[in-house]
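In order, the protein sequence lines correspond to chains A and B. Under our numbering, the residues of the first sequence are numbered 1 to 258, in order. Under our numbering, the residues of the second sequence are numbered 259 to 628, in order. One structure is given here, and the rest of the page talks about it.
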Amino acid sequence: MSEQSIKTNDVPAAAVSASTTTQVEDPTVQGEQVRRQTAVFVYEWPLRLWHWVTVLCIIVLCVTGYFIGSPLPTMPGEAMDNYLMGYIRFAHFAAGYVFAIAFVGRVYWAFVGNHHARELFIVPIHKKKWWGELFHELRWYMFIEKTPKKYIGHNPMGQLAMFSFFVIGTIFMIVTGFALYGEGLGVGSWADRWFGWVIPLMGQSQDVHTWHHLGMWYIIVFVMTHVYVAIREDIMSRQSLISTMVGGWRMFKDDKPD
Amino acid sequence: MSQIETFYEVMRRQGITRRSFLKYCSLTAAALGLGPSFVPQIANAMENKPRTPVLWLHGLECTCCSESFIRSAHPLVKDVVLSMISLDYDDTLMAAAGHQAEAALEETMKKYKGEYILAVEGNPPLNEDGMFCIVGGKPFLDQLKHAAKDAKAIIAWGSCASWGCVQAARPNPTQAVPIHKVITDKPIIKVPGCPPIAEVMTGVITYMLTFGKLPELDRQGRPKMFYGQRIHDKCYRRPHFDAGQFVEQWDDEAARKGYCLYKVGCKGPTTYNACSTIRWNEGVSFPIQAGHGCIGCSEDGFWDKGSFYDRLSNIPQFGIEKNADEIGTAVAGGVGAAIAAHAAVSALKQASRKDTKPQDSTKKEHEDHA
C-alpha cells in the first residue's frame, strides 16, 4: 500500500515545506532523539475561520435551543420588565443565521478552495482504495490494527462521519430551523416561501419541532465524537489534528511511507 | 323553481332592515379581514347573486361542527345563514328524513350540477368496504364519492374531514381517512378545528358567495385569512412568554396571574387557528383565556402527539413512548460511555506502545518470562 511520498502529493509544491524540528520523544530514553517532522499546508484561512465560527454557533444554538424547548424557571416581576425568552430566542435566531450563512460560505469554498475543502461534500465511495482504507481505519479503531495510516486530509472514516453527521445534520437543521423561523415571520415571508414546504411534509408544526429537537441531539452526538476523535488522533495517530485546524499545517510525526 | 331568492330578499322577507343588512355586510368584511372598500362589493353580491345551494354530508363525526356552526354570531344568526346558502341537504338539520331526504340530495345534484358546494363533516372509514359508516343504507364512502362528482367545490368541515381526527388516531381500527384521500379531483377547502370556530365557518361560506371563488388557501388547503397565523402569534398571554414567565403547575401563583401556559403543554405555538383573535361564543373567551393550554385541535394528528400537557411530542416509533429529549439524552449518554470506554482502552494501548517502543527486545523478553 505504499503510495507516493508526502512531498510528491498533489498539494502544490510551494505549499509543501519540510521542516526539521527537534522533539523529545520519551524522557525515559537515554539521549534525545532527533526526528524530522514534515508539514503540509491543508486548511486555508477561510476554512479555519468557518470551523471556529461554526463551533461557536453550535454551542449557542444548542444551549438556547434547549432552553426554548424547556424554558428556565419563571422570571419574577412584571412582564414589561422582563424579556428573557425574547433574548434567548433572539440569540438562537441570530446564531442560526450566522451558522447557515457560514455553511453557505463553506459550500462556496468547496468550489474555490483547495482540494481538501471538497472532502466534506464528496465522499469517494466509488473508489475501491477508499473502502480498503475505510476498513483499515475501522480496524485501527477496534484496536486490531497496530499502526494507522497517514492522511493529509481526512481519513476515510472521518470523511464519512463528517459527511453523514455534520453535512447532512447541518442541512437538516438549517432547513427545519428556517421552516420554524418562517412560522414566526409569517405567511409569505422569505423563510416561509423557501422552507415552509417542510411543515406539511413532516406532518405539522409540532412534528417539525420534534425533528429539529432530535436533530440537536444528532449534532451533539457528532460534536462529542468529533472532539474525542480529534484529541485521540492528535495523540495516537501519525499526524497533527488540532493544531492543523488552528494554523492550517498538517505535521507528520514520522517519515515512513504510507 | 329555478328562480332562487337572493340573500337580500330572504333577509327583507324575514323583517331585517336595510340598515341591519349593511351593518352585517361591514361586519362580514371585517371578519374576513377585508377593508371597508369591500363592503359595497359584499352588499352587491348579497343583493344580486342567487343563494348557493349547499349539500352538507355527515360521515364519521360527532356533530360538533354543526353545533358550532349554528352558534355563529356574525355573519348573523343561524336562520339567516341557513337561508343564505340554501342548505338543501343536511340530515341533521333538515326537516325531511329517510327517502325524502335522500331524494332532496339527488334532486339538488341533478338540478345544480357543477354549481353546488359540497360541505363534508366527518370522514369516510375505508376498512371493511366502508361498513363502519352507513348513510341511507349505503356506505358513506359511496355517498361522498357520488355527491363530490358534480360539486363545484368541497368544504372539509373540521379536523375529521381535514385530517382524520380522533377516529383516525392510532390504531385507527376503521381506517378512517380525511376526505382528500378519497376525492382527488376537486378543490377542497379545509376548515380544521374540533370544532372549527363558528364565525370561521360562516366566514368561509360568505367569502365564497361574495366573490364567487375560493378564498386564498395555504399549502395545506386552509383559508389563509383564518389559518395564516398561530394561536401563539396573537395570544394575549404572549408578553409573558417573551418575558419568560410561565405557569409551572396548575395551582401556582403564575396560573392565577395568567402567565404563559407553554410549560404546561400549550400547543398555541404550533397551532394555526383564529381562536386568539375571533375567540368563541360571540368572542367571549377561548381555551387559553379560560386558563387551559391549547390542545392543538386544528392540527393534523393532534391526538397522536402524546399528552396535551407536554410541550415535546411523544415519538412512538421507539416502542415505549419517549420524547426527543429523553431519546437524545439516552443516545448522548450511550455515546459518551462508549467514548469513555474507547478512550480508556486507547490510553492503555498508548501506554503499552510507549513502553515497548524504545526497548522492544528487552521488553518482550521480560514479558515472556513473566
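Where a beta carbon is used, it is the ideal one built from N, C-alpha and C, also for glycine. It should be emphasised that the depicted structure is a prediction, and the values quoted were computed from it without experimental measurement.
For this session: Could you have a look at ASP258/A and say whether DSSP puts it in helix, strand or coil?
Result: When DSSP states are grouped into helix, strand and coil, ASP258/A belongs to the coil group.
For this session: Check the Cβ of SER604/B against every Cβ in chain A and list those closer than 7 Å, keeping chain order.
Result: ARG232 and MET236
Exercise. Is ILE597/B near THR38/A, with beta carbons less than 8 Å apart?
Worked result: Going by C-beta atoms, ILE597/B is not nearer than 8 Å to THR38/A.
For this session: Could you check how far apart the C-beta atoms of GLY554/B and THR529/B are, in whole angstroms? I think they sit under 8 Å.
Result: The pair is a contact, with the Cβ atoms about 4 Å apart (cut-off 8 Å).
Problem set entry | Candidates HIS438/B, PHE499/B, LYS407/B and MET466/B, of which the one nearest THR366/B by Cα | The candidate whose alpha carbon is nearest that of THR366/B is LYS407/B.
Problem set entry | CB contact flag (ASN531/B, GLY594/B, <8 Å) | The answer is no: Cβ separation not under 8 Å.
Exercise. Within the present structure, is the beta-carbon of VAL208/A separated from the nearest heavy atom of the ligand SAH by less than 7 Å?
Worked result: Among the components modelled here there is no ligand, and therefore nothing to report on the ligand SAH.
Exercise. Anyone know if the C-beta pair for PHE99/A and CYS57/A falls short of 8 Å?
Worked result: yes
For this session: Just tell me which of TYR66/A, TYR108/A and HIS51/A has its CA closest to the CA of HIS209/A.
Result: The alpha carbon of HIS209/A has as its nearest neighbour, out of TYR66/A, TYR108/A and HIS51/A, the alpha carbon of TYR66/A.
Exercise. Which residue's Cα is closest to the Cα of GLY502/B: ASP510/B, TYR520/B and ILE489/B?
Worked result: TYR520/B
Exercise. Helix, strand or coil: which one does DSSP assign to GLN654/B?
Worked result: Since the first residue of chain B shown is 259 and the last is 628, residue 654/B is not available in this structure.
Exercise. Which of the three DSSP states, helix, strand or coil, is assigned to ALA230/A?
Worked result: helix
Exercise. Out of GLN487/B, MET459/B, ASP562/B and ILE585/B, which has the shortest C-alpha to C-alpha gap to MET216/A?
Worked result: ILE585/B
For this session: Measure the CB-CB distance between ARG329/B and THR264/B and report whether it falls below 8 Å.
Result: no
For this session: Just the chain B side, please: which residues come within less than 9 Å of HIS209/A by C-beta, in chain order?
Result: PRO527, THR528, ARG569, LEU570, SER571 and ALA582
Exercise. Of all Cβ atoms in chain A, is any one closer than 8 Å to the Cβ of VAL335/B?
Worked result: Unreliable positioning characterises VAL335/B in this predicted model, as indicated by a pLDDT of 45, which lies under 50. A coordinate reading is not provided.
Exercise. What residues of chain A sit near GLU579/B, judged by a beta carbon separation below 7 Å?
Worked result: Result: empty, since nearest Cβ-Cβ is about 12 Å, beyond 7 Å.
Exercise. Where does LYS629/B sit, in a helix, a strand or coil, going by DSSP?
Worked result: The question about residue 629/B has no answer here: the residues shown for chain B are numbered 259 through 628.
For this session: Please state whether DSSP places PRO450/B in a helix, a strand or coil.
Result: coil
Exercise. How about ALA609/B: is its C-beta nearer than 8 Å to some C-beta of chain A?
Worked result: It does not: the Cβ of ALA609/B has no partner Cβ on chain A nearer than 8 Å.
Problem set entry | Closest by C-alpha distance to HIS498/B, when choosing among HIS51/A, TYR141/A and TYR83/A | TYR83/A
Problem set entry | Backbone CA spacing between VAL229/A and MET75/A [nearest angstrom] | 40 Å
Exercise. Per DSSP, which one or two residues make a beta bridge with ILE413/B?
Worked result: The partner list for ILE413/B (beta bridge, DSSP) reads ALA377/B and ILE447/B.
Exercise. Whole-angstrom Cβ separation of PRO382/B and LEU402/B, contact assumed at under 8 Å?
Worked result: 5 Å
Exercise. With 8 Å set as the bound, which would you pick, yes or no: does the beta-carbon of ILE220/A sit closer than that to a beta-carbon of chain B?
Worked result: yes
Exercise. Does DSSP classify HIS126/A as helix, strand or coil?
Worked result: coil
For this session: Tell me where the alpha helix (DSSP H) around HIS115/A begins and ends.
Result: Premise fails: HIS115/A is in no alpha helix (DSSP H) and is neither H nor E.
Exercise. Taking 8 Å as the CB-CB cut-off, is GLU506/B touching chain A?
Worked result: yes
Problem set entry | Three-pair Cβ contact test at 8 Å for the region 171–180 of chain A versus the region 538–546 of chain B | no
Exercise. Cβ of TRP217/A less than 8 Å from any chain B Cβ?
Worked result: yes
Problem set entry | Residue-chain proximity (MET173/A, chain B), Cβ-Cβ < 8 Å | no
Problem set entry | For LEU292/B and VAL338/B, the rounded distance between their alpha carbons | Below a pLDDT of 50, predicted positions are generally treated as unreliable, and VAL338/B, at 49, falls in that range; the measurement from the model is reported next regardless. Taking the straight line from one Cα to the other gives about 21 Å.
Problem set entry | Cβ-based burial, VAL29/A [other Cβ within 10 Å; buried from 16] | Low confidence applies to VAL29/A: its pLDDT is 45, below 50, so where it sits in the model is not reliable, and the reading given next is rough at best. The residue is exposed, with fewer than 16 neighbouring Cβ atoms inside 10 Å.
For this session: Can you check the region 446–493 of chain B for any alpha helix (DSSP H) of at least 4 residues that lies completely inside it and give the ranges in chain order?
Result: You should have 456–469 and 482–485.
Exercise. Which of the three DSSP states, helix, strand or coil, is assigned to ASP500/B?
Worked result: ASP500/B falls in the helix class under three-state DSSP.
Problem set entry | Runs of alpha helix (DSSP H) lying entirely within the region 511–576 of chain B, each at least 4 residues, in chain order | 511–515 and 533–536
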